[in-house]
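Chemist: Protein chains in written order, with our numbering: chain A, 4 to 208; chain B, -1 to 281.
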Amino acid sequence: MNGLVWKDTTLLRNGLIYVAVFGVVFSLLFSESNVMGIVCPMLFSSLVASSFAWDDQCKWDVYAVSTGIPRNRIVLSKYLSSIVFITIGFAIGLAVSVAMPYVTGADTDPASAAIVSVTGWVLSAIVVSISILVNYWTGSSVKAQYVSIVVLMASIAFLVSATIIASDLVGGNMLLVTGILLVIAALMFAGTYRLSCARFAKRDL
Amino acid sequence: MDNAVEIRGLCKSFGSFGIRDLDLDIPRGYVVGLIGENGAGKTTLIKCITGANIPDSGEVRLFGSQERDGSEGRLGVVFDECHFFQQMNGEQIGKLMSSLFANWDDARYRTLMNDFGIPLDKRIKDYSRGMRMRIQVAVALSHSPDLVIMDEATAGMDPAARDEFLDLVMEYMQDEGHTVLMSSHITSDLERIADYIVFIHQGRIVMNGPKDEILESYGIVKGGESAVLAVGRENIVSVKRDQFSTSALVRDRRGVAEAYPELVVDPASLDDIMVMVIRGDAE
């Protein structure tokens, strides 16, 4: 399992760096530090799709399954890799959110930045669970990749909008909203994992 | 006999192409050669054995069990296409494999890579075709698998590299518990090292037996059409007619030679058998 996660992070090392640099530059341009708590994990959540692309490029799954690595373990490794990616995004987003006000001279609120960053992590967890399921459901064809992008964009837009609306409904209590989202993320992980395993179990490689 | 692989009634189709009702045992401790024309179903059979393809019906037992869980590392594979990441180098591949296989022998891997002349810091995207095969072989032999499956592993190798590769296979087979299933178009390799031969033609097994028996019993009868056909349909596997003569593949060349001393009956190599079955007419 560790090897499969190590494989994804090693192959995407350059991608991790590029996304991190992009995130920092983005925050400098827009000077909206707290937003980075949401944007950074979301950016890093896109890397899981890249990990599928790497696997498909060399048909790695053929080798992995052929040597006896259980298909369920391969699916689980994608979820674990995605947690690694969004956690890195969370850490960078939180660091930028806390550090930016000192650069721009704005008021700082580390607690608010932390809550927003945690919310960003949880939203990203929901997005990657959808992304992983879509990848296993649609496959690796070009058409499937477009479907995957459309589904992801729609999911992100829906989730961010829903979070803002929910926050307004509960009088700005982000802790409550984040807690509800965390439960949803856990259920999404479990549900999409089972569906992904079921789909992958029937696929000819 | 203890079998590494047992297959019963295996069917797998991809549209109009597929394998049908295959029954096959791969005995433990032997080298089994798999031959057949392009598109015969060799790779499909191999992928059904490894679990990469899901059979439509039938049963595949690996080491006595249909369950694949718990078998990681017991199977080593070498494919004609390298499935390792192009951006990785040999060192990283070794590190990846060490985390996947409990029995990974890093010293053996490094020794093999050194013997194959592959630098560990070279990326796979810069490998030649032969090097891509060799790294697969190095990986396959470095995690002590009980069964090694090779699908056209020697394709693209020069004769010296093939000779070295076959020596490695024989060294691997020193352990009586090890088994090799090897598909190849280079039948001379199989004639050298295989104990059993399985011939797949149009999705079905048409021949399956000890190599020595096959080479000892099959023969090619050549001559005029009437003389060749006179040996009888019960003796003839297939007939190939060309402009000047007729050839027939017979099952019992010694028997035919005794019964028809006027006919020329030559021993048939695996190549001859393949050509006669694929291009000849079944009788």
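For glycine and all other residues, C-beta sits at the position ideal for the given N, C-alpha and C.
Please list, in chain order, all residues of the same chain as Ile91 (chain A) whose beta carbon is under 7 Å from its beta carbon, the five residues on each side excluded.
Modeler: Leu19, Phe47.
Chemist: From Gly230 (chain B) to Arg251 (chain B), what distance separates their C-alpha atoms?
Modeler: Cα to Cα, the separation comes out at about 13 Å.
Chemist: Is there a Cβ from chain E that is less than 8 Å from the Cβ of Ile52 (chain B)?
Modeler: You won't find chain E in this structure, because its protein chains are A and B.
Chemist: Kindly list, in the order they appear in chain A, the residues whose Cβ is closer than 7 Å to that of Gly49 (chain B).
Modeler: By Cβ distance, chain A contributes Val68, Ser69.
Chemist: Hey, how far is the Cα of Pro157 (chain B) from the Cα of Arg130 (chain B)?
Modeler: Distance between the alpha carbons of Pro157 (chain B) and Arg130 (chain B): 16 Å.
Chemist: Using the Cα positions of Ile218 (chain B) and Ile116 (chain B), report the straight-line distance between them to the nearest angstrom.
Modeler: Rounded to the nearest angstrom, the two C-alpha atoms are 44 Å apart.
Chemist: List the whole-angstrom C-beta distance separating Leu8 (chain B) from Cys46 (chain B), where the pair is believed to meet the contact cut-off of C-beta under 8 Å.
Modeler: Going by Cβ atoms, the distance from Leu8 (chain B) to Cys46 (chain B) rounds to 6 Å, so yes, they are a contact pair.
Chemist: Just curious, the alpha helix (DSSP H) that Tyr170 (chain B) is in, first and last residue?
Modeler: Element bounds for Tyr170 (chain B): 157 to 170.
Chemist: Considering only C-alpha positions, which residue in the set A:Phe203, A:Ala188, A:Val38, A:Arg16 is nearest to Ser53 (chain A)?
Modeler: For the residues A:Phe203, A:Ala188, A:Val38, A:Arg16, the minimum Cα distance to Ser53 (chain A) belongs to A:Arg16.
Chemist: Could you tell me the boundaries of the alpha helix (DSSP H) in which Met156 (chain A) lies?
Modeler: Counting along the chain, the alpha helix (DSSP H) containing Met156 (chain A) begins and ends at 145 to 172.
Chemist: Quick check on the burial criterion: 16 or more other C-beta atoms within 10 angstroms. Buried or exposed for Lys238 (chain B)?
Modeler: Flag for Lys238 (chain B) reads buried.
Chemist: Rounded to whole angstroms, how far is the Cβ of Leu208 (chain A) from the Cβ of Ala50 (chain B), which I believe are closer than 8 Å?
Modeler: About 4 Å; that satisfies the 8 Å criterion.
Chemist: Compute the beta-carbon to beta-carbon distance between Gly96 (chain A) and Gly26 (chain A), rounded to the nearest angstrom, for a pair I have assumed lies under 8 Å.
Modeler: Going by Cβ atoms, the distance from Gly96 (chain A) to Gly26 (chain A) rounds to 7 Å, so yes, they are a contact pair.
Chemist: Please report the distance separating the alpha-carbon of Arg37 (chain B) from that of Gln200 (chain B).
Modeler: Sequence inspection shows Gly at residue 37 (chain B); the Arg mentioned does not correspond to that position. Rounded to whole angstroms, Gly37 (chain B) to Gln200 (chain B) spans 7 Å at the Cα level.
Chemist: In angstroms, rounded to a whole number, what distance separates the CA positions of Phe29 (chain A) and Val131 (chain A)?
Modeler: Computed Cα separation, rounded: 22 Å.
Chemist: Between which two residues does the alpha helix (DSSP H) harbouring Lys40 (chain B) extend?
Modeler: Unbroken alpha helix (DSSP H) run through Lys40 (chain B): 40 to 48.
Chemist: Say whether the region 144 to 162 of chain B touches the region 72 to 86 of chain B, bearing in mind that this needs 3 or more beta-carbon pairs closer than 8 Å, one atom from each stretch.
Modeler: The region 144 to 162 of chain B vs the region 72 to 86 of chain B: in contact.
Chemist: Taking CB distances under 8 Å as the criterion, tell me whether Leu43 (chain B) reaches chain A.
Modeler: Leu43 (chain B) does not count as touching chain A.
Chemist: Given a threshold of 16 other Cβ atoms within 10 Å of its Cβ, counted over all protein chains shown, does Thr109 (chain B) qualify as buried or as exposed?
Modeler: With fewer than 16 other Cβ atoms within 10 Å, it is exposed.
Chemist: At which residue ranges does the region 25 to 101 of chain B contain complete beta strand (DSSP E) runs of 3 or more residues, listed in the order of the chain?
Modeler: Fully enclosed beta strand (DSSP E) runs of 3 or longer: 29 to 33, 55 to 60, 73 to 76.
Chemist: How many angstroms separate the CA atom of Ser267 (chain B) from the CA atom of Tyr216 (chain B)?
Modeler: Straight-line Cα distance between these residues: approximately 8 Å.
Chemist: Which value, in whole angstroms, describes the spacing of the CA atoms of Gly27 (chain B) and Ser186 (chain B)?
Modeler: If you take the alpha carbons of Gly27 (chain B) and Ser186 (chain B), they lie about 21 Å apart.
Chemist: Among B:His141, B:Glu162, B:Val262, which has the Cα closest to the Cα of Gly71 (chain A)?
Modeler: That would be B:His141, whose Cα lies nearest to the Cα of Gly71 (chain A).
Chemist: Run through chain A and tell me which residues come within less than 9 Å of Val75 (chain B), C-beta to C-beta.
Modeler: Residues of chain A passing the Cβ test: Val65, Tyr66, Ser69, Thr70.
Chemist: Give me the subset of the region 68 to 93 of chain B whose CB atoms are less than 9 Å from a CB atom of chain A, sorted by chain position.
Modeler: Answer in chain order: Gly68, Ser69, Glu70, Gly71, Arg72, Leu73, Gly74, Val75, Phe77, Glu79, Cys80, His81, Phe82, Phe83, Gln84, Gln85, Met86, Gln90, Lys93.
Chemist: So is Asn5 (chain A) in contact with chain B if we call contact Cβ pairs under 8 Å?
Modeler: Chain B, which has a Cβ nearer than 8 Å to the Cβ of Asn5 (chain A), makes this yes.
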